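Visitor:
Residue numbers (our numbering): 1 to 228.
#1: Looking at the structure shown, is residue 52 part of a helix, part of a strand, or coil, going by DSSP?
#2: Does DSSP put residue 154 in a helix, in a strand, or in coil?
#3: Tell me the rounded alpha-carbon separation between residue 96 and residue 86.
#4: Please classify residue 79: is it buried, with 16 or more other beta-carbons within 10 angstroms of its beta-carbon, or exposed?
#5: Figure out for me which residue from 176, 136 and 193 has the closest Cα to the Cα of residue 225.
#6: Distance check for residue 194 and residue 200, CA to CA, integer angstroms please.
#7: Let me confirm a value: residue 207 is counted as buried when at least 16 other C-beta atoms fall within 10 Å, else exposed. Which label applies?
#8: Do residue 32 and residue 65 count as a contact pair if the criterion is CB distance below 8 Å?
#9: Touching or not, the segment 59-73 and the segment 101-108, by the rule of three or more beta carbon pairs under 8 Å?
#10: Taking 8 Å as the threshold (C-beta atoms), are residue 129 and residue 163 in contact?
#11: Ordered along the chain, which non-local residues of its own chain (more than five positions away) have a Cβ less than 7 Å from that of residue 143?
#12: Determine the burial state of residue 1: buried for a count of at least 16 other Cβ atoms within 10 Å of its Cβ, exposed for fewer.
#13: Use the C-beta contact count for residue 204: other C-beta atoms within 10 angstroms, 16 or more gives buried, fewer gives exposed.
#14: One question on the structure: do residue 160 and residue 70 come within less than 8 Å of each other, judged by their Cβ atoms?
#15: Can you look up residue 168 in the DSSP assignment and give me helix, strand or coil?
#16: Taking residue 216 as the reference, give the member of 186, 41 and 83 with the closest Cα.
#17: Please say whether residue 35 and residue 24 have beta carbons closer to each other than 8 Å?
#18: Out of 219, 18, 218 and 228, point me to the one whose CA is closest to residue 211's CA.
#19: For residue 72, which residues of its own chain have a beta-carbon under 6 Å away from its beta-carbon, when the five flanking residues on both sides are left out?
#20: Can you tell which of 148, 136 and 37 has the C-alpha that lies nearest to the C-alpha of residue 26?
#21: Quickly, what does DSSP pair residue 11 with across the bridge? List them, please.
Spelled out as structure tokens, the structure:
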């Protein structure tokens, strides 16, 4: 005679009086233990075509806790720049979000992560990305969950951080040499290193100074010192 109505799930009613009621998503907003009634009415028909007065069936739908829904995110930072971030706000159709928890960390060799219960975090690349050339990038990920006021926990969601390299200066090496006062010294500076590139040449920064002999310094790092 009357169906359950829009927004109240769906009803399949059969001629033998059996029926199937599907709440669907129409009751997800009910908190755990909260309930709402839906009704439908029906009539019975006899073999002579007589029809009964309509009668009502009342279905009480009781809510269960729906887990919150967390959200994936993407962020970016430079290889030497600490990233301070906040996971996107999770949603909960029948409650409130009370906190966030780290599920999987960034992993060894991928910097370090500090994750807080309010969803804020700090990612420190450290020296793990110094090998990236300028403009080159590498992704690191961590996952987290959200928890609601009834203890429901969301599916883990992933935050992807793209770390982009900057040029790291090469590292030169100090050296000591000896020679006699009348002996010309031919030398080569120790090989410099560069974590994200190659050494293209060497330049003289300060000369030996007046009264300290003469120095010829070459772009390949070789030199000749003449005491004079």
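Backbone N, C-alpha and C fix where the C-beta goes; we use that ideal spot for every residue, glycine too.
Please read all numbers here as calculations on a predicted model, not as lab measurements.
Guide: Short version:
#1: In the structure shown, residue 52 sits in coil (DSSP, three-state: anything other than H, G, I, E or B).
#2: Collapsing the DSSP output to three states places residue 154 in coil.
#3: Across the structure, residue 96 and residue 86 are spaced so that their CA atoms are roughly 18 Å apart.
#4: Residue 79 should be labelled buried.
#5: When C-alpha distances from residue 225 are compared across 176, 136 and 193, the shortest belongs to 176.
#6: Straight-line spacing of the CA atoms in residue 200 and residue 194 works out to 10 Å.
#7: It is exposed - the Cβ of residue 207 has fewer than 16 other Cβ atoms within 10 Å.
#8: It is a contact, given that the beta carbons lie within the stated cut-off.
#9: Output reads no: the segment 101-108 does not touch the segment 59-73.
#10: Yes, they are a contact pair.
#11: Only residues of its own chain outside the window of five on either side were considered, and among them 103, 104, 156, 157 and 158 have a CB closer than 7 Å to the CB of residue 143, listed in chain order.
#12: With fewer than 16 other CB atoms across the displayed protein chains lying within 10 angstroms of its CB, residue 1 is exposed.
#13: The residue in question, residue 204, is exposed, as its Cβ has fewer than 16 Cβ neighbours within 10 Å.
#14: Cβ atoms of residue 160 and residue 70: not closer than 8 Å.
#15: Coil, per DSSP.
#16: Taking the Cα of residue 216 as reference, the smallest distance to any Cα among 186, 41 and 83 is reached at 186.
#17: Result no, Cβ atoms of residue 24 and residue 35 do not sit closer than 8 Å.
#18: The residue with the shortest Cα to Cα distance from residue 211 is 228.
#19: Here the set comprises 157 and 158.
#20: When only C-alpha atoms are compared, the closest one is 37.
#21: For residue 11, which the question treats as bridged, DSSP gives the partners 21.
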